[in-house]
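J.: Sharing a structure below in structure tokens format, with a few things to ask.
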Amino acid sequence: MTRLTHDDVKDISENLQDLEDFLVNTTGRKIKNLACEAGGMWEHAVRPEAFSVAVVPVTSGLGVISKFTESVRDIAIWMGFDAYVTDATDIAGFAEAVEKKADMILMADDDEFVAYNTEARKQADNSSCTAKGYIAALNAVAGTVIGKEVLVVGAGRVGSRACQFLKAKGAKVTVTDIDVAKSYAVAERYPGVKVAEDPVEAIRAADLMINASPAHIDSENIRDGAIISSPGVPHTFDEAAYSKATIIHDPLVVGVSAMIMQSAFYSYTGCRR
Ligand code: 2YC
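Have a look at this one:
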């Protein structure tokens, strides 16, 4: 999983309105609408003001990313939730959230990032929700992905989940990765997903793409009018790429907003087991 840097997240909170305006102009959806569509949820099924959301800084591994937990908090607040960053970090922070009776606790180390619903006792994970969020964006811009060829670039955690969810939605999915073995592992796990062994050749032929790869995509390999829904970090598309294609990207908001809505929704779907 690609780790964000402070540079990736430092301006997220102040740029939420700009991102929302961009999403409305390209997908016709606001951040919260897209997050609901990601999980197939009705926006008004969740009363965000009734939810207290704790975000716990985690110092393990490579440590905290400055402004990461504040950005996550501000995304929750943007959608109407009552959110805060705990004063303490790690286990003490978790205990603080429990003491404060948080309805949802979000925390991320270098490998996992979850939104735990304390009432429903269920969690939403960042990789699945990021895949769903970017599929919702692609679906919105393309009109639908049902019956359409979609190329997934990158067979990692987000890319493999994107293949799974796109196939379930009725898209015709092809996966490509510089490590061909990873592509075949995904195709084996999700029968019906095709493998393109040459990523550049596949990209040159693609009109609809989920780019879940950190690799650079040269603009001359992008088709005119392509729609590229791109969770991949680092994001290295240049001006020429933006002039040819509709490219949707942000480093954290689409995935986190989908996580938060998914986790909150668990309180309303009677999924307590
Ligand atoms: O500040 C903190 O609490 C850090 N422990 C957060 C580390 C997040 C590491 N994960 C990532 O940077 C990426 C994000 C896009 C979300 C999932 N992985």
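Just so you know, we're using the numbering used here here: the sequence shown kicks off at 104 and counts up by one. Note that beta-carbon positions come from the ideal geometry of N, C-alpha and C, so glycine has one too.
1. Going along the chain, which unbroken runs of the alpha helix (DSSP H) with 4 or more residues stay wholly within the stretch 175-220?
2. Can you have a look at Gly259 and say buried or exposed, based on whether 16 or more other CB atoms are within 10 angstroms of its CB?
3. Hey, how far is the Cα of Ser263 from the Cα of Glu323?
4. Checking the sheet assignment: what are the DSSP bridge partners for Ile82?
5. So is the beta-carbon of Ala361 under 7 Å away from any non-hydrogen atom of ligand 1?
6. Buried or exposed, going by whether 16 or more other CB atoms sit within 10 Å of the CB of Val156?
7. Any idea which residues DSSP pairs Ile350 with across the strands?
8. In the stretch 129-163, which residue ranges form an unbroken beta strand (DSSP E) of at least 3 residues, counting only runs that do not cross its ends?
9. For Ala195, which option in Ala179, Thr162 and Ala218 has the closest C-alpha, if you only look at C-alpha atoms?
10. Considering only DSSP beta bridges, list what Asp228 is partnered with.
11. Under 8 Å, do Thr339 and His352 count as touching if we go by C-beta distance?
12. Going straight from the alpha carbon of Asp228 to that of Thr349, what length do you get?
13. Can you tell me whether Glu117 is buried or exposed, with buried defined as 16 or more other CB within 10 angstroms of its CB?
14. So does the stretch 289-309 actually touch the stretch 224-244, counting three or more Cβ pairs closer than 8 Å?
15. Listed in chain order, which residues are found with a beta carbon closer than 5 Å to a heavy atom of ligand 1?
16. Take Val417 and list the residues in its own chain whose beta-carbon comes closer than 7 Å to its own, dropping the five residues that flank it on each side.
17. In three-state terms, what does DSSP make of Lys170?
18. Could you please give the first and the last residue of the uninterrupted beta strand (DSSP E) stretch that includes Val278?
19. Excluding the 5 residues preceding and the 5 following Thr189 in the sequence, name in chain order all residues of the same chain whose CB lies nearer than 6 Å to its CB.
20. CA-CA distance, Arg150 and Asp321?
21. Since Phe268 contacts Ala234 with CB under 8 Å, what's their CB separation in whole angstroms?
22. Within its chain, find whatever has a CB closer than 8 Å to the CB of Val213; leave out the 5 residues flanking it on each side and keep chain order.
23. How many whole angstroms separate the CB atoms of Ile330 and Ala245, which I take to be in contact at a CB cut-off of 8 Å?
24. Near Thr129, what residues of its chain come up, given a Cβ to Cβ distance below 7 Å and the 5 sequence neighbours on each side ignored?
25. Candidates Ser346, Ile313 and Asp327: which alpha carbon is nearest Val336's?
T.: Taking the structure as given:
1. 193-202
2. Against the sequence shown, residue 259 aligns to sequence position 156. With 16 or more other Cβ atoms within 10 Å, it is buried.
3. Start at 1 with the first residue of the sequence shown, and residue 263 comes out as number 160. Start at 1 with the first residue of the sequence shown, and residue 323 comes out as number 220. Cα to Cα, Ser263 sits roughly 26 Å from Glu323.
4. A query on residue 82 cannot be resolved here, the shown segment of the chain reaching from 104 to 376 and no further.
5. Taking the sequence shown and counting its residues from 1, one reaches residue 361 at position 258. Outside the cutoff, so no.
6. Start at 1 with the first residue of the sequence shown, and residue 156 comes out as number 53. Classification for Val156: buried.
7. Numbered from 1 along the sequence shown, position 247 holds the residue referred to as residue 350. Ile350 pairs with Ile331.
8. 155-159
9. Indexing the sequence shown from 1 puts residue 195 at position 92. Nearest C-alpha to Ala195: Thr162.
10. Here residue 228 refers to the residue found at position 125 when the sequence shown is read from its first residue. Answer is Val217, bridged to Asp228.
11. By one-based count along the sequence shown, residue 339 stands at place 236. By one-based count along the sequence shown, residue 352 stands at place 249. Not a contact, by the Cβ cut-off of 8 Å.
12. Numbered from 1 along the sequence shown, position 125 holds the residue referred to as residue 228. Numbered from 1 along the sequence shown, position 246 holds the residue referred to as residue 349. Taking the straight line joining both Cα atoms gives about 27 Å.
13. Stepping through the sequence shown from its first residue, residue 117 is reached at position 14. The residue is exposed, with fewer than 16 neighbouring Cβ atoms inside 10 Å.
14. no
15. Met104, Arg106, Leu107, Pro160, Val161, Val167, Ile168, Phe171, Ala211, Phe216 and Asn229
16. In the structure as shown, the chain begins at 104 and stops at 376. Residue 417 is therefore absent and cannot be evaluated.
17. Here the question's residue 170 lines up with position 67 in the sequence shown. The answer is coil: DSSP assigns Lys170 none of H, G, I, E or B.
18. For the purposes of this step, residue 278 is taken as the residue at position 175 of the sequence shown. Lys275 to Thr279 is the extent of the beta strand (DSSP E) around Val278.
19. Here residue 189 corresponds to residue number 86 of the sequence shown, with the count starting at 1. Excluding sequence neighbours, Thr189 sits near Ala157, Val159, Gly196, Glu199 and Ala200.
20. Within the sequence shown, numbered from 1, the residue matching residue 150 stands at position 47. Within the sequence shown, numbered from 1, the residue matching residue 321 stands at position 218. The straight-line gap from Cα to Cα measures roughly 44 Å.
21. Along the sequence shown, one-based indexing puts residue 268 at 165. Along the sequence shown, one-based indexing puts residue 234 at 131. That pair is a contact at about 6 Å.
22. For the purposes of this step, residue 213 is taken as the residue at position 110 of the sequence shown. In the sequence as displayed, the identity of residue 213 is Asp instead of Val. If we look at Asp213 and ignore the five residues flanking it on each side, its Cβ neighbours are Met104, Arg106, Ser163, Gly164 and Leu165.
23. Looking up residue 330 in the sequence shown gives position 227. Looking up residue 245 in the sequence shown gives position 142. The Cβ separation is near 6 Å, so the contact holds.
24. Taking the sequence shown and counting its residues from 1, one reaches residue 129 at position 26. Once the five neighbours on either side are set aside, the close Cβ partners of Thr129 are Val244, Thr349 and Ile351.
25. The count along the sequence shown starts at 1 and reaches residue 336 at position 233. Ranking Ser346, Ile313 and Asp327 by Cα distance to Val336 puts Ile313 first.
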